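**Q**
Number of protein chains: 2
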Amino acid sequence: MNKDLSDRLRRHGLHVTAQRLAVLRAVSEHPHITADAVLDLAQAELGAISRQAIYDALNTLADKNLIRRIQPMGSPTRYEARVGDNHHHLICRICGRVEDVDCAVGAAPCLMPSDAMGYEIDEAEVIYWGRCPACQAQADMHNQT
Amino acid sequence: MNKDLSDRLRRHGLHVTAQRLAVLRAVSEHPHITADAVLDLAQAELGAISRQAIYDALNTLADKNLIRRIQPMGSPTRYEARVGDNHHHLICRICGRVEDVDCAVGAAPCLMPSDAMGYEIDEAEVIYWGRCPACQAQADMHNQT
DNA sequence: ATCAAAATATTGACAAAGTCCAGAATATCT
DNA sequence: AGATATTCTGGACTTTGTCAATATTTTGAT
Ligand SMILES: [Mn+2]
Ligand SMILES: [Mn+2]
Ligand SMILES: [Zn+2]
Ligand SMILES: [Zn+2]
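Chains as they are written, first to last, in our numbering: chain L, 1 to 145; chain Y, 146 to 290.
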């Protein structure tokens, strides 16, 4: 319930506000959600909340690592509350579906590129692009002779 | 020279125009360039070219796989002419530098996630995030006691 | 409970990166 | 030369997000 979310905020040194709770709940319950969709959910929950408060909350939560951003090409930034496991994503080129994928080799193996060139790497962001089963079926329909 | 670029266009079924040549040259000679920078270079080369023509050319070239888009967080879309080798990128969180990195394990090994979930995967996009050597040095300066 | 300081939220303007439009003009290919 | 493809103009418009000044809320110490 709210106790859980409040604690998460407090543990990270953040004031607990209705706005942040609504945003954190929206992201927790809807993985890979856009800021716009968060706004809709939060407005439904609170009656009113400013767009700026949404962005403030999302940015603060991301800064404090309570949530994570992903930014697929051609889509606005998306947010998820599943953090700390360096998991990857699988995105359909046709319909935009996003799936979570566990790290391919084990615990964050992808942090090791073939040559780090002196960089101090803290994250490997991996997106697999393809066509989801539904969109494949759809395409097959179309190709029927 | 121009012969090379023209052939690349023709081979992909595209009309050869001064605008497309200028755009393709800009991208080929400046890996990870932004649309805005392409506009500057093309204007310098041709005297005049519309912003719309830049985007038309970039989108057409990307559609035909003559160039590739990458879209790092917090930066506008970037374009590069190095295609077909599924190479990765290393980006500095501080200054935004972008480096090419060869595929980690061999020939596009990353196309295999731990579980493809029925997706038909055609690309694995990998971005390593970190701090470049210069930005590390800068930070160290600051931390000097 | 009360109160002040610090942190947040609201509001409205603003900005960046693109897209869309639609007819007229031009260039390319065969 | 003729058919087709591309570009130009240039403003309006959209989406995603930030900025800055002001108002409100939260927190922790009385
Ligand atoms: Mn995820
Ligand atoms: Mn590259
Ligand atoms: Zn799909
Ligand atoms: Zn750097």
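Glycine included, every Cβ here is placed at the ideal spot set by N, Cα and C. In this text the structure is predicted, and so the values were computed from the model without any measurement.
Find the nearest neighbour of L/Ile33 within the set L/Leu5, L/Glu45 and L/Pro72, judged by alpha-carbon distance.
**A** L/Pro72
**Q** In chain Y, which residues lie with their C-beta within 7 Å of the C-beta of L/Ile127?
**A** Glu270
**Q** Quick check on the DSSP output: the beta strand (DSSP E) that includes Y/Leu235 runs from which residue to which?
**A** His233 to Cys237
**Q** Going by DSSP in three states, Y/Thr179 sits in which element: helix, strand or coil?
**A** strand
**Q** What is the DSSP secondary structure of Y/Arg223, reduced to helix, strand or coil?
**A** strand
**Q** Tell me, please, whether the CB atom of L/Ile67 is closer than 8 Å to any CB atom in chain Y?
**A** no
**Q** Compare the C-beta of L/Val38 against all C-beta atoms of chain Y and say whether one is closer than 8 Å.
**A** no
**Q** Does ligand 2 have even one heavy atom less than 7 Å from the beta-carbon of Y/Glu225?
**A** yes
**Q** Taking only the alpha-carbon atoms, compute the straight-line gap between Y/Ala269 and Y/Asp230 and give it to the nearest angstrom.
**A** 11 Å
**Q** Using a C-beta cutoff of 8 Å, does L/Leu90 count as contacting chain Y?
**A** yes
**Q** Anything in chain L within Cβ reach of Y/Val246, meaning under 7 Å, just list it in chain order.
**A** Those are Pro113, Ser114 and Asp115, listed as they occur along chain L.
**Q** Might you give, ordered along the chain, the residues of its own chain that have their beta carbon closer than 6 Å to the beta carbon of L/Ala81, omitting 5 neighbours on each side?
**A** Excluding sequence neighbours, L/Ala81 sits near Val27, Ser28 and Ile67.
**Q** List the residues that DSSP assigns as beta-bridge partners of L/Glu120.
**A** Looking at the DSSP output, L/Glu120 bridges to Y/Arg276.
**Q** Considering Y/Arg242, what are the terminal residues of the beta strand (DSSP E) in which it resides?
**A** Here Y/Arg242 belongs to no beta strand (DSSP E), and DSSP marks it neither H nor E.
**Q** Contact criterion: CB-CB distance below 8 Å. Does Y/Glu265 meet it with respect to chain L?
**A** yes
**Q** Let me confirm a value: Y/Ala279 is counted as buried when at least 16 other C-beta atoms fall within 10 Å, else exposed. Which label applies?
**A** exposed
**Q** Using 8 Å for Cβ pairs, my map puts L/Leu9 next to L/Val38. What's the rounded Cβ distance?
**A** Approximately 16 Å separates the beta-carbon atoms of L/Leu9 and L/Val38; this is outside 8 Å, ruling out the contact.
**Q** Shorter than 8 Å from the beta carbon of L/Pro76 to some beta carbon of chain Y?
**A** By this cut-off, L/Pro76 is not an interface position.
**Q** Can you find the residues in the same chain that come closer than 8 Å, C-beta to C-beta, to L/Leu24, ignoring five residues on each side of it along the sequence?
**A** Leu5, Arg8, Leu9, Ala57, Leu61, Leu66, Ile67 and Ala81
**Q** Just how far apart, CA to CA, sit L/Leu46 and L/His30?
**A** 17 Å
**Q** Taking the continuous beta strand (DSSP E) assigned at Y/Ile212, which residues delimit it?
**A** Looking at the DSSP string, Y/Ile212 is not in any beta strand (DSSP E), and its letter there is neither H nor E.
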